[in-house]
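Below: the structure, in structure tokens.
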Amino acid sequence: MSRPFVVRATSRSFGRHTRAGVRLLEDAGCDVILAGPGGPWPEEQMREYARDADALIVGADQVTRNVLTSSRRLRVVAKHGVGVDNIDLAAAEELGISVTYAPDGNTRSVAEMTVAMLLSLWRGLARADARLRARVWEPMVGREAAGRTLGIIGLGRIGRAVAILGQALGMRILACDVAQDPAFADAHGIRYETLEGVLRQSDAVSIHVPLMDQTQRLIGSREMAWMRPDAVLVNVARGGIVDEHALAEALAHKRLAGAAVDVFEHEPPWDSPLLGFETVLLTPHIAHSTQEAMERVDVMVAEDVLAVLRGEAPAHPVPRGR
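The sequence shown begins at -16 in the numbering used here and counts up one residue at a time.
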């Protein structure tokens, strides 16, 4: 490298829990600048931060056309995670800027979190903990996972991992996906259904699709009306996929038994109607966040950044049409 490449990270996770990715970049001669606390940043702050960057490593910050054009040297935007709905992919392609992501780095972490949230809902763990801390001794009757039906919306990497964990608990798996894989489904005893079919037949529904135009408000009032009143909904994908107000209404009228939500349309979700329900388990967008996943994702992202800066093809480009 004739001069140091400048790699700026706005992702607050990159380099925070492990130095493996940072070391890869620094050992290759890059100048690595990590963002401080706070964020996501507004566009003007993103533009200023990216002004001299050859590469950006981003989290939830909005990477608009204006951000992409703020540096004439910018060659790659690497998403520290999976969802790329915050990046203007069309503008990046037009400008010749590569966009990469980390599609399998946190699969296991998200799948385990999904099952943990589901079991917590069925056993009422959050409520039991809160009541005991309030000095209320209230034995509760929960539900077992074995023999129940788990409906998975989106049978991609994470959806498949959730299905396998669910089967290990003795659950029957239904799935809905626009891109079906009959060989995988047959090998694992999974039955494909329509969205309506999955919602009507499942004791629990878990969402694992990306946020895009086709999935915006995918689960709204009509879809929740298809679900059983004793069913629960788990969303660790993206907040905009589930209509939070419709979910709150369904819970208020006992048309659903509960929900577990790790992602919100607006984060932090201080105005979310879901905050008022003890039948909802809420977490601050942490399904992906484990030590193991962070190291895998950091290394994956750093390797892709280096590949692009060296004029090579990255291992994990964002597929066209995302």
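Using N, Cα and C, we set each Cβ at its ideal position, and we do this for glycine too.
If you're wondering where the values come from, they're calculated on a predicted model, not measured in any experiment.
With a threshold of 6 Å on Cβ separation, who are the neighbours of residue 179 within its own chain once the five nearest residues in sequence on each side are excluded? The beta carbon of residue 179 sits closer than 6 Å to the beta carbons of 209 from its chain, once the five residues preceding and following it are set aside; these are given in chain order.
Over the uninterrupted beta strand (DSSP E) stretch that includes residue 216, give me the two end residues. 215 to 218
By the 10 Å Cβ neighbour count, where 16 or more other Cβ atoms means buried, how is residue 151 classified, buried or exposed? exposed
Residue 190 lies in the beta strand (DSSP E); which residues open and close that run? Residue 190 -> beta strand (DSSP E) spans 187 to 190.
Proximity winner among 273, 110, 86, relative to residue 260 (alpha-carbon distances): 110
Where does residue 40 sit, in a helix, a strand or coil, going by DSSP? strand
Residues of its chain near residue 41, where Cβ-Cβ distance is below 8 Å and the 5 sequence neighbours each way are ignored: -8, -7, -6, 60, 61, 62, 63, 69, 70
So, at 6 Å on beta carbons, what are the nonlocal neighbours of residue 36 in its own chain, with the 5 sequence-adjacent residues on each side left out? By the criterion of a C-beta distance shorter than 6 Å, residue 36 is surrounded in its chain by -11, -9, 54, 57, once the five residues flanking it on both sides are discounted.
Residues near residue -16 in its chain [Cβ-Cβ closer than 6 Å; skip 5 each side]: In this predicted model, residue -16 has a pLDDT of only 45, less than 50, meaning its place in the structure is not dependable enough to derive any value.
Just to confirm, is the Cβ distance from residue 123 to residue 107 under 8 Å? yes
Residue closest to residue 52, alpha-carbon to alpha-carbon, out of 27, 135, 65, 226: With distances taken between CA atoms, residue 52 lies nearest to 27 out of 27, 135, 65, 226.
Where do the N-terminal and C-terminal ends of the alpha helix (DSSP H) with residue 147 fall, by residue? From DSSP, the alpha helix (DSSP H) with residue 147 extends over 140 to 151.
Can you tell me where the alpha helix (DSSP H) with residue 92 in it begins and where it stops? 90 to 106
Close beta carbons around residue 302, own chain, < 8 Å, minus the five adjacent residues each side: none
For residue 170, which of 156, 177, 162, 250 has the nearest alpha-carbon? Of the residues 156, 177, 162, 250, the one whose Cα lies closest to the Cα of residue 170 is 156.
Determine the DSSP secondary structure at residue 204, reduced to helix, strand or coil. helix
For residue 189 versus residue 101, is the C-beta spacing smaller than 8 Å? Cβ atoms of residue 189 and residue 101: closer than 8 Å.
Tell me, to the nearest whole angstrom, how far the beta carbon of residue 133 is from that of residue 149; I am working on the premise that it is less than 8 Å. 4 Å
Bridge partners of residue 245, per DSSP? Looking at the DSSP assignment, residue 245 forms no beta bridge with any residue, so it has no partner.
Please report the residue range of the alpha helix (DSSP H) in which residue 183 lies. 178 to 184
Cβ shell of residue 168 (< 8 Å), same chain only, five flanking positions each side left out: 138, 158, 174, 175
So, does the stretch 237 to 252 touch the stretch 211 to 224, judging by three or more C-beta pairs under 8 Å? yes
DSSP puts residue 237 in a beta bridge; with which residues? BP columns for residue 237 are empty, so no partner.
Express the C-alpha separation of residue 284 and residue 23 in angstroms, rounding to a whole number. 19 Å
Quick check on the burial criterion: 16 or more other C-beta atoms within 10 angstroms. Buried or exposed for residue 172? exposed
Short Cβ contact (8 Å threshold) for residue 66 with residue 279: no
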